[in-house]
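Q:
Numbering (our numbering), first residue to last: 57 to 147.
Okay, here's the thing in structure tokens:
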């Protein structure tokens, strides 16, 4: 069970690093492009693009975490019901 939790956390960490790398690349593009057509326009345009991509990916990570928590709750509920059925009834 602990290994499964670590595997899921590794997946989430991978997605978060993916988000960071995309945002850094967008910043580098803004800096490179800013030398030719002005930094203000370049940073505004690439900032909006970065916001859209970053927010979308963060929502994806939040959805992954939410689905994982829901599946864990269902699994725990199902296993606790099975445990109750296996125990003998005592008065």
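Ideal placement from N, C-alpha and C gives every residue a C-beta, glycine not left out.
(1) Whole angstroms is fine: what's the gap from residue 99's alpha carbon to residue 129's?
(2) What whole-angstrom Cβ distance do residue 68 and residue 121 have, given they're in contact under 8 Å?
(3) What's the call for residue 106, buried or exposed, on a 16-neighbour Cβ count within 10 Å?
(4) Report the rounded CA-to-CA distance for residue 81 versus residue 101, giving the unit in angstroms.
(5) Select from 124, 132, 97, 109 the residue whose C-alpha is nearest the C-alpha of residue 74.
(6) Please state if the CB of residue 71 and the CB of residue 104 are separated by a distance shorter than 9 Å.
(7) Can the beta-carbon of residue 113 be found closer than 9 Å to that of residue 78?
A: According to the data block:
(1) Looking up residue 99 in the chain shown gives position 43. Looking up residue 129 in the chain shown gives position 73. Between the alpha carbons of residue 99 and residue 129 lies a gap of roughly 44 Å.
(2) One-based indexing of the chain shown puts residue 68 at position 12. One-based indexing of the chain shown puts residue 121 at position 65. Indeed, because the Cβ distance is near 7 Å, the residues count as touching under 8 Å.
(3) Indexing the chain shown from 1 puts residue 106 at position 50. Buried.
(4) Walking along the chain shown from the start, residue 81 turns up at place 25. Walking along the chain shown from the start, residue 101 turns up at place 45. If I take the Cα positions, the gap works out to 14 Å.
(5) Here residue 74 refers to the residue found at position 18 of the chain shown. Sorting 124, 132, 97, 109 by C-alpha distance to the C-alpha of residue 74 places 109 at the top.
(6) Taking the first residue of the chain shown as position 1, residue 104 is located at position 48. Taking the first residue of the chain shown as position 1, residue 71 is located at position 15. No, Cβ-Cβ distance for residue 104 and residue 71 is not below 9 Å.
(7) Locating residue 113 in the chain shown gives position 57, counting from the first residue. Locating residue 78 in the chain shown gives position 22, counting from the first residue. For residue 113 and residue 78, yes; Cβs fall inside 9 Å.
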